[in-house]
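As you go down the protein sequences, you meet chains A and B in turn.
Take the first sequence: its position 28, counting from 1, is numbered 28 in our numbering, and each next residue is one higher.
Our numbering runs 97 ahead of the 1-based position in the second sequence.
C-beta: ideal position from N, C-alpha, C; glycine also.
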Amino acid sequence: MRVGVKFCGNCNPLIDMGAVLQELQAQGSDVEFVPWSEERYDVLLVLSGCGRDCATRPDFDGRVIEATDASVDQMPVAATELPEAILAVLRAEAEHE
Amino acid sequence: MRTGQQYIDSLRKRDIKVYLKGELLESSTVVDHPFIRGHVASAAMTYDLAHDPRYEDLMTVKSHIDGRTINRFTHIHQSTEDLLKKVKMLRMISQKTGTCYQRCVGFDALNALYTVTFEMDAKLGTDYHKRLQAYLEYVQDTDIMVAGAMTDPKGDRSLRPGQQADPDLFVHVVKRDDKGIVIRGAKAHMTGMVNSHEMLIMPTMAMAPEDKDYAVSCALPVDAPGVIHIFGRQTNDDRKCEGDMDQGNARYGIVGGECLTVLEDVFVPWDKVFMCGEIDYAGLLVERFACYHRQNYGGCKGGVSDVVIGAAAVMADMSGYGKAAHIKEKLNEMIHMAESLYACSVACSAEGKKTASGAYFVDPLLANVGKHNVTKLIYDIDRLAQDIGGGLTATMPSEADLRSPVIGKYVEKYLKGVVSVPTEHRMRIGRLIENMTGGTALVESMHGAGSPQAQKVFYSKLSNLEHKKRLALDIAGVPVAETPKKPA
Numbered sequence: 001m002r003v004g005v006k007f008c009g010n011c012n013p014l015i016d017m018g019a020v021l022q023e024l025q026a027q028g029s030d031v032e033f034v035p036w037s038e039e040r041y042d043v044l045l046v047l048s049g050c051g052r053d054c055a056t057r058p059d060f061d062g063r064v065i066e067a068t069d070a071s072v073d074q075m076p077v078a079a080t081e082l083p084e085a086i087l088a089v090l091r092a093e094a095e096h097e
Numbered sequence: 098m099r100t101g102q103q104y105i106d107s108l109r110k111r112d113i114k115v116y117l118k119g120e121l122l123e124s125s126t127v128v129d130h131p132f133i134r135g136h137v138a139s140a141a142m143t144y145d146l147a148h149d150p151r152y153e154d155l156m157t158v159k160s161h162i163d164g165r166t167i168n169r170f171t172h173i174h175q176s177t178e179d180l181l182k183k184v185k186m187l188r189m190i191s192q193k194t195g196t197c198y199q200r201c202v203g204f205d206a207l208n209a210l211y212t213v214t215f216e217m218d219a220k221l222g223t224d225y226h227k228r229l230q231a232y233l234e235y236v237q238d239t240d241i242m243v244a245g246a247m248t249d250p251k252g253d254r255s256l257r258p259g260q261q262a263d264p265d266l267f268v269h270v271v272k273r274d275d276k277g278i279v280i281r282g283a284k285a286h287m288t289g290m291v292n293s294h295e296m297l298i299m300p301t302m303a304m305a306p307e308d309k310d311y312a313v314s315c316a317l318p319v320d321a322p323g324v325i326h327i328f329g330r331q332t333n334d335d336r337k338c339e340g341d342m343d344q345g346n347a348r349y350g351i352v353g354g355e356c357l358t359v360l361e362d363v364f365v366p367w368d369k370v371f372m373c374g375e376i377d378y379a380g381l382l383v384e385r386f387a388c389y390h391r392q393n394y395g396g397c398k399g400g401v402s403d404v405v406i407g408a409a410a411v412m413a414d415m416s417g418y419g420k421a422a423h424i425k426e427k428l429n430e431m432i433h434m435a436e437s438l439y440a441c442s443v444a445c446s447a448e449g450k451k452t453a454s455g456a457y458f459v460d461p462l463l464a465n466v467g468k469h470n471v472t473k474l475i476y477d478i479d480r481l482a483q484d485i486g487g488g489l490t491a492t493m494p495s496e497a498d499l500r501s502p503v504i505g506k507y508v509e510k511y512l513k514g515v516v517s518v519p520t521e522h523r524m525r526i527g528r529l530i531e532n533m534t535g536g537t538a539l540v541e542s543m544h545g546a547g548s549p550q551a552q553k554v555f556y557s558k559l560s561n562l563e564h565k566k567r568l569a570l571d572i573a574g575v576p577v578a579e580t581p582k583k584p585a
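So this is what it looks like as structure tokens:
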């Protein structure tokens with residue numbers, strides 16, 4: 001599975017989403033993370049530094065997964081469990097496909 | 098949608114038990130009592146304005162359930178635009194009433210429960226959201242006024258609910274069966290309760306495992322068997338039994354007409370129960386409600402402050418010092434503070450976001466900062482209004498003295514300001530300043546939607562101080578890894 005990644009811009013972040021992406025890359029060897037500006041990917045992952053989740057969404061027809069410092073797809077998740085929670089959603093999506 | 102008159106007529110049909118100064122009021126005429134009628138008229142404004150094309154863009158909205166036009170006070174926010182329009186609506190209504198119109202509490206309770214029941218069901222497999230949706234449809238259908246009921250009396254604040262000497266100091270479930278639950282306890286500072294149709298009970302704080310019976314949320318009529326309301330006193334309230342001038346704002350009153358609501362073994366059927374023992378979600382519900390409610394204050398207090406600023410400016414004109422440089426300076430300072438309050442409410446709405454339920458939620462950091470500003474800046478705005486208003490606002494004779502055939506001529510003569518302004522008009526503005534800037538009105542700005550410390554705890558938690566430290570260390574050229582750890 002190829003996952004396009006877009007950051008929010010991190011104006012005043014409550015979490016280091018760069019570090020979260022590194023953790024995702026370390027734990028998710030079955031997933032390929034690429035910049036959102038690349039031409040083709042299966043899922044778009046939006047990583048926001050706080051709950052405002054204000055990143056501009058690029059044109060993308062597929063599934064968009066939204067993660068903030070305290071949630072994945074709007075459901076509450078502890079910051080320490082964020083990489084695992086994101087990977088769980090990504091893997092569920094891969095199985096669904 | 099109901100009109101104001103239909104709303105008032107419907108209140109007369111309740112079998113509500115309201116005690117006031119030790120006496121039980123006749124239920125059909127509760128709305129006419131001099132202590133209560135202003136608050137009723139203020140709430141009625143939320144109904145009448147929905148029928149006025151000048152205000153419909155703020156006051157009405159399409160229901161997300163079936164697309165029909167509803168009063169915004171029964172709506173679930175579907176966008177940040179909805180959150181912004183809520184704030185603008187509150188400021189607009191406050192400019193017309195000069196006081197609280199009470200209906201935002203139930204509005205916020207509905208939205209908070211809408212988001213939390215969805216998340217609770219997703220995690221626990223319960224069916225609270227479906228029940229809440231059915232209740233919401235009923236509220237939108239009937240356009241009833243719902244009082245939000247969160248604050249418990251709390252007894253000894255150092256003890257948890259179950260540790261209190263009296264277990265009833267927090268509302269709790271005392272019985273469950275296949276039909277529903279029975280609750281006991283009380284809710285304090287209940288805004289608009291005696292002129293509502295129903296109340297939405299919520300827990301007052303996060304709960305521990307031993308507090309399971311206290312994690313309860315449900316809806317019930319304000320006149321359900323076992324419910325008793327004890328109406329609160331206000332500064333200068335006996336003036337309401339005299340003429341209208343000395344009240345300052347005789348038509349709409351001051352703040353929201355609060356009461357203590359006692360729940361003496363009240364039965365609630367299961368279809369109106371939205372939380373019963375789910376302790377992990379009690380704190381989340383409190384947070385969601387608190388943030389929605391704190392969002393309001395820059396809107397409603399912004400509008401109330403518009404009236405106070407206007408009153409101070411008019412008093413200066415009526416007294417002949419309206420053109421003085423220091424008066425203009427003070428009025429500008431008041432405007433600056435009022436608009437700063439409004440800005441926080443706009444900001445927390447603009448930065449709102451979608452929850453899993455689809456409803457939009459405000460930015461909690463900015464909502465709490467905004468309400469904390471209200472606990473300070475309203476005092477500063479009102480202080481300047483009293484400064485401009487002069488000592489007369491605290492010492493002037495009564496309306497009865499002005500009307501007296503014997504001494505009225507002296508009041509008329511010696512309270513005169515600018516010669517073209519009738520003395521009575523100057524006295525009315527003085528009384529408005531007196532009643533809007535002191536006593537009960539000020540305390541409401543301090544403690545309404547939670548006391549200042551509650552906001553401070555919230556924004557301290559959300560501010561990420563460690564991040565700010567790292568920013569400073571980086572700019573100062575200090576390696577982050579070498580920094581001392583926070584003391585344990």
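{"Query": "For chain A, check one thing: does any of its Cβ atoms lie closer than 9 angstroms to the Cβ of B/K451?", "Result": "yes"}
{"Query": "Can you name the residues that DSSP bridges to A/C50?", "Result": "Its beta-bridge partners do not exist; DSSP assigns none."}
{"Query": "Do three or more CB pairs link the region 287 to 294 of chain B to the region 326 to 335 of chain B at distances below 8 angstroms?", "Result": "yes"}
{"Query": "Between the beta-carbon of B/D594 and the beta-carbon of B/E448, is there less than 9 angstroms?", "Result": "This structure cannot settle anything about residue 594 of chain B, because the visible part of chain B is limited to 98 through 585."}
{"Query": "Compare the C-beta of B/N561 against all C-beta atoms of chain A and say whether one is closer than 9 angstroms.", "Result": "yes"}
{"Query": "Comparing alpha-carbon positions, which option in B/A569, B/V575, B/R391 lies nearest B/S548?", "Result": "B/R391"}
{"Query": "Taking a contact to mean a Cβ-Cβ separation below 9 angstroms, would you say B/L474 touches B/S437 in this structure?", "Result": "yes"}
{"Query": "Residues of chain A with a CB under 8 angstroms from the CB of B/K491: which are they?", "Result": "As written in the sequence, residue 491 of chain B is Ala, which differs from the Lys given in the question. Chain A residues near B/A491: none, gap ~45 angstroms exceeds 8 angstroms."}
{"Query": "Assuming the contact rule is C-beta atoms closer than 8 angstroms, B/A305 and B/R257 should be a hit. Round their C-beta distance to whole Å, please.", "Result": "6 angstroms"}
{"Query": "Decide if A/E95 is buried, meaning its Cβ has at least 16 other Cβ atoms within 10 Å, or exposed.", "Result": "exposed"}
{"Query": "Going by beta carbon distance, what residues of the same chain come within less than 7 angstroms of A/W36, once the five residues before and after it are set aside?", "Result": "G4, V5, K6, L44, P58"}
{"Query": "If you draw a straight line from the alpha carbon of B/Q344 to that of B/V352, how long is it in whole angstroms?", "Result": "13 angstroms"}
{"Query": "Answer yes or no: does any C-beta atom of chain B fall closer than 9 angstroms to that of A/P13?", "Result": "yes"}
{"Query": "Let's see if you can read the secondary structure: which residues bound the beta strand (DSSP E) around B/C441?", "Result": "Unbroken run through B/C441 is the alpha helix (DSSP H), 422 to 447; no beta strand (DSSP E)."}
{"Query": "Is B/K566 helix, strand or coil by DSSP?", "Result": "helix"}
{"Query": "Is the beta carbon of B/M242 closer than 9 angstroms to that of B/K193?", "Result": "no"}
{"Query": "Residues in its own chain within less than 7 angstroms of B/E234 by CB, not counting five upstream and five downstream?", "Result": "I162"}
{"Query": "Counting only Cβ pairs nearer than 7 angstroms, list the residues of chain B close to A/R52.", "Result": "E448, K450, D460"}
{"Query": "Please report whether the beta-carbon of A/M75 lies at a distance below 9 angstroms from any beta-carbon of chain B.", "Result": "yes"}
{"Query": "Between the alpha carbons of B/Q237 and B/S124, how many angstroms are there, rounded?", "Result": "25 angstroms"}
{"Query": "Let's test the definition: count the other Cβ atoms within 10 Å of the Cβ of A/C50 and tell me whether it reaches 16, buried, or not, exposed.", "Result": "buried"}
{"Query": "Quick check: is the beta carbon of B/A219 nearer than 9 angstroms to any beta carbon in chain A?", "Result": "yes"}
{"Query": "Which residues mark the beginning and the end of the beta strand (DSSP E) in which B/V271 is found?", "Result": "269 to 273"}
{"Query": "Taking only beta-carbon positions, decide if B/L381 is within less than 9 angstroms of chain A.", "Result": "yes"}
{"Query": "Taking only runs that begin and end inside the region 503 to 563 of chain B, name each unbroken alpha helix (DSSP H) of 4 or more residues, in chain order.", "Result": "505 to 511, 520 to 533, 537 to 544, 549 to 559"}
{"Query": "Could you tell me which residues DSSP puts in a beta bridge with A/R63?", "Result": "A/V43"}
{"Query": "Less than 6 angstroms between C-beta atoms, sequence neighbours within five positions excluded: which residues of the same chain meet that for B/H294?", "Result": "I241, M242"}
{"Query": "At which residues does the alpha helix (DSSP H) containing B/A408 begin and terminate?", "Result": "376 to 416"}
{"Query": "Would you call B/Y511 buried or exposed, if buried means 16 or more other Cβ atoms sit within 10 Å of its Cβ?", "Result": "exposed"}
{"Query": "Drop a sphere of 10 angstroms on the beta-carbon of A/E81, count the other beta-carbons inside from all chains shown, and report buried for 16 or more, exposed for fewer.", "Result": "exposed"}
{"Query": "Is it right to say B/K582 is buried, meaning 16 or more other beta carbons lie within 10 angstroms of its own, or is it exposed?", "Result": "Summary for B/K582: the model assigns pLDDT 45, below 50, so the residue's position carries little reliability; its value from the coordinates is reported in the next sentence. Label assigned to B/K582: exposed."}
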